[in-house]
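Residue numbers (my numbering): 4 to 243. We treat Cβ as the ideally placed atom computed from N, Cα and C, and that holds for glycine. Structure first, commentary second.
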């Protein structure tokens, strides 16, 4: 993969083009127990099978237009972290046009000097923690598409490429938020009013029942007292 168009983190230094003009072309290097050529900067003269590196990303993410998004990419490797480990992020728009460079890491971060991601990408990973994540700033609707994360860790030069599809959604307008807040507030207020009325009605009904029972008890007591007085009068002996 040609890297001549990639700028460095500082304007005063560039990638060594002779060494990194191609990171790895797996067609040039035999796999299996075959001898790796001696002029390969990624391998010493030894015999080993080519191992695979695994890359993990989310399958699909959503982001609100105008916000920032962290694209998470982690990896696992059967080999120790190499000083020549590289991370390559690319982007393919929804119209399936050609891939665009997004980010490159080799000992230090390199961001594109042109294109839609110029000045909008920062490194947010940690190679020692097997993290190759980046942050895309100021997400736009034109960023809808598929991002790919590829990690190469000599001697692990082959393996999966992580893909994550980005879907950009529009910001919710103030009027919609306002309407939603009013609707939720009104529903909550109506519920509180209904509950309050139910409690008041039950309380009044209970008071009324207690009052009715009290009146009935009072009337019953009076009737009993009246009957008692009548009975006493009937059994009182008449005076001669």
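Asked, Found
"Where residue 160 falls, given that 16 or more other Cβ within 10 Å makes a residue buried", "buried"
"Inter-stretch contact at 8 angstroms, needing at least 3 Cβ pairs: the stretch 180-190 / the stretch 81-91", "no"
"With 16 other Cβ atoms within 10 Å as the buried cut-off, status of residue 98", "exposed"
"Distance between beta carbons of residue 75 and residue 89, contact taken as under 8 angstroms", "With a Cβ gap of about 18 angstroms, residue 89 and residue 75 do not count as contacting."
"Beta bridge counterpart(s) of residue 217 as assigned by DSSP", "DSSP, once it has assigned bridges, lists no residue as partnering residue 217."
"Identified DSSP bridge partners for residue 170", "65"
"Buried versus exposed call for residue 80 [16 or more other C-beta atoms within 10 Å across all chains shown]", "buried"
"Sequence-distant residues of the same chain with beta carbon closer than 8 angstroms to residue 172, five excluded per side", "65, 66, 67 and 68"
"Cβ-based neighbour list, residue 220, same chain, cut-off 8 angstroms, excluding 5 preceding and 5 following", "none"
"Separation of residue 150 from residue 169, as counted between CA atoms", "7 angstroms"
"With 16 other Cβ atoms within 10 Å as the buried cut-off, status of residue 215", "exposed"
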